[in-house]
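When we follow the working numbering, the leftmost residue of the sequence shown carries the number 85, and every step to the right adds one. Comments concern the structure below.
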Amino acid sequence: MNNLTLPHIALGMTLAMTIFPSWAMADDRISDKGLYRVRWQSQAPEVTTDLIHDWLLHVETVDRRPADNLAITISAHMPGHAHGLPTQPRATDYLGNGDYRIAGMKFQMSGVWWVRFDFWRKNRRDWVIFEVPVK
Ligand SMILES: [Cu+2]
């Protein structure tokens, strides 16, 4: 578990929109324990194999307030396959407004992946799993 201290940058969506100028692949879900509404967005217009790229993770409380001060870890695997990711992606920056940069995403095989984000804030943990088609 990486217990990150994330720098706070008070530029909010402006910075996030500079890094992620266009909507690419995206999906949103409610976390397992119902604490957060989470949306991922890929920096790449299409998630393909062997591409190292960033994701933008937007995390809100269910009553639509930005969820800041989260420690986030990332893991992924393909259902039925005995392997995970070739990289260890990390939440490297807090961009404000509930936006976190996830750096180092890379998938080595095409097909369906389950990408899991775990969130810690104080002693509370929650997680969300996204099903991501990789081309
Ligand atoms: Cu596989």
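Just so it is clear, CB atoms sit at the ideal spot from N, CA and C, and this is done for glycine as well.
From residue 182 to residue 129, what distance separates their C-alpha atoms? Taking the first residue of the sequence shown as position 1, residue 182 is located at position 98. Taking the first residue of the sequence shown as position 1, residue 129 is located at position 45. Rounded to whole angstroms, residue 182 to residue 129 spans 22 angstroms at the Cα level.
Please determine whether the Cβ atom of residue 162 lies at a distance below 8 angstroms from any heavy atom of ligand 1. In the sequence shown, the residue the question calls residue 162 occupies position 78. The answer is yes for residue 162.
Distance, Cα to Cα, residue 168 vs residue 148? Reading the sequence shown from its first residue, position 84 is the one you call residue 168. Reading the sequence shown from its first residue, position 64 is the one you call residue 148. Cα-Cα distance, rounded: 32 angstroms.
Closest by CA to residue 36, which one among 153, 206, 218, 204? Past the edges of the chain, shown from 85 to 219, lies residue 36, and the structure says nothing about it.
For residue 123 versus residue 115, is the C-beta spacing smaller than 9 angstroms? Walking along the sequence shown from the start, residue 123 turns up at place 39. Walking along the sequence shown from the start, residue 115 turns up at place 31. Result no, Cβ atoms of residue 123 and residue 115 do not sit closer than 9 angstroms.
Environment of residue 212 [buried if 16+ CB atoms lie within 10 Å]: In the sequence shown, residue 212 corresponds to position 128, counting from 1. With 16 or more Cβ atoms within 10 Å of its Cβ, residue 212 is classed as buried.
So with Cβ pairs under 9 angstroms, would you call residue 158 a contact of chain B? The chain inventory of the structure shown lacks chain B, comprising one protein chain alone.
Please determine whether the Cβ atom of residue 193 lies at a distance below 8 angstroms from any heavy atom of ligand 1. In the sequence shown, counting from the first residue as 1, residue 193 sits at position 109. Yes, since a heavy atom of ligand 1 falls inside the 8 angstroms radius drawn around the Cβ of residue 193.
Which residue's Cα is closest to the Cα of residue 163: 112, 209, 174, 200? By 1-based counting over the sequence shown, the position of residue 163 is 79. That would be 200, whose Cα lies nearest to the Cα of residue 163.
Put residue 136 into one of helix, strand or coil per three-state DSSP. Along the sequence shown, read from residue 1 onward, the residue named residue 136 stands at position 52. Coil at residue 136, not helix or strand.
Look up residue 191 in the DSSP assignment and give the residues it is bridged to. Counted from its first residue, the sequence shown places residue 191 at position 107. Paired residues: none, contrary to the question.
Which residues in the same chain as residue 176 place their Cβ atom closer than 6 angstroms to its Cβ, once the five residues preceding and following it in sequence are excluded? Here residue 176 corresponds to residue number 92 of the sequence shown, with the count starting at 1. The residues are 185, 187.
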